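**Q**
In the numbering used here, the protein residues as written are 7 to 235.
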């Protein structure tokens, strides 16, 4: 299941002989699609797993909004330093040449278009690439936008890592987002347990399926109520 970032040259594949992807497999697929030498921000939660699957030879540089450039994978055991964490307060390692800076400088990097890719979680993504990932609108929900708006607009490409269906089995890839928006037409690639999608966020909102897992493209289209190319 090796692939390429360019959806135009990527052949659609249905993996019907296996179950849905687990979180580690999704993170590994995102890691494979990040170009060598990229500057990347990994959002809080599941996206931080991507760091553990990056090939060191690719020299991908990880940025954190709390002020670090050159973040490594998760720290365990004796490698844990309570002063060395990612934006989600999870202990991490550092790579050779790592640097540290003020929070404001970190956000200037995000807003200034210096990041090649950011990987974010989401509550919903629309077929046009609109992103909703900071609030469900529920009365008892705690809003948590963080730096997501800055990343969604500032990064050159936005990848989303999420489950395709909620606990109530409703789709989270939707024609229109019903939750408060984080950014308009910003998502370019969506990675889920059942499929990987490429989204034409600058054109007519066409959603292209790159790979499916445990479900056919035809069956997926019926469940999503979205036209898939």
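No residue lacks a Cβ here, since even glycine has one placed at the ideal position from N, Cα and C. Source: prediction; values computed, not measured.
#1: Grab me the residues of residue 75's own chain with a C-beta within less than 7 Å of its C-beta, minus the 5 sequence neighbours each way, in chain order.
#2: Is residue 59 helix, strand or coil when you go by DSSP?
#3: Take the Cβ of residue 175 as the centre, count every other Cβ of all protein chains shown within 10 Å, and call the residue buried at 16 or more, exposed below.
#4: With 16 as the cutoff for other CB atoms within 10 Å, does residue 178 come out buried or exposed?
#5: In whole angstroms, what separates the C-alpha of residue 52 from that of residue 115?
#6: Tell me whether the beta-carbon of residue 94 lies closer than 9 Å to the beta-carbon of residue 142.
#7: Pull up the CB-CB distance for residue 153 and residue 71, whole angstroms please, since I reckon it's below 8 Å.
#8: Between 125, 20, 99 and 73, which has its C-alpha nearest residue 107's C-alpha?
#9: Given a cut-off of 9 Å, decide if residue 164 and residue 170 are closer than it, judged by their beta-carbon atoms.
#10: Could you tell me the alpha carbon to alpha carbon distance between residue 180 and residue 38, rounded to whole angstroms?
#11: Is it right to say residue 237 is buried, meaning 16 or more other beta carbons lie within 10 angstroms of its own, or is it exposed?
**A** Looking at the atomic coordinates:
#1: As a first step, residue 75 is located in the chain shown; it is residue number 69 there, counting from the start. Annotation for residue 75: 67, 69, 104 and 105 place their beta carbon closer than 7 Å to its own, counting only its chain and skipping 5 residues before and after.
#2: Within the chain shown, numbered from 1, the residue matching residue 59 stands at position 53. If DSSP states are grouped into helix, strand and coil, residue 59 belongs with the helices.
#3: The residue you call residue 175 lines up with position 169 of the chain shown. By the neighbour-count criterion, in which 16 or more other beta carbons inside 10 Å mark a residue as buried, residue 175 falls on the exposed side.
#4: As a working mapping, residue 178 is identified with position 172 in the chain shown. When all chains shown are included, residue 178 counts as buried.
#5: Position 46 of the chain shown, counted from the first residue, corresponds to residue 52. Position 109 of the chain shown, counted from the first residue, corresponds to residue 115. Their backbone Cα atoms lie some 22 Å apart in a straight line.
#6: Within the chain shown, residue 94 is the residue found at index 88, counting from 1. Within the chain shown, residue 142 is the residue found at index 136, counting from 1. Going by beta carbons, residue 94 and residue 142 fall outside the 9 Å limit.
#7: Your numbering for residue 153 matches position 147 in the chain shown. Your numbering for residue 71 matches position 65 in the chain shown. Right, their Cβ atoms sit about 4 Å apart.
#8: Against the chain shown, residue 107 aligns to sequence position 101. Ranking the options by Cα distance to residue 107, first place goes to 73.
#9: For the purposes of this step, residue 170 is taken as the residue at position 164 of the chain shown. For the purposes of this step, residue 164 is taken as the residue at position 158 of the chain shown. No, the pair does not count as a contact, with Cβ atoms beyond the cut-off.
#10: Taking the first residue of the chain shown as 1, we reach residue 180 at position 174. Taking the first residue of the chain shown as 1, we reach residue 38 at position 32. For residue 180 and residue 38, the gap between their C-alpha atoms comes out near 26 Å.
#11: The displayed coordinates of the chain run from 7 to 235. Any statement about residue 237 would go beyond what the structure contains.
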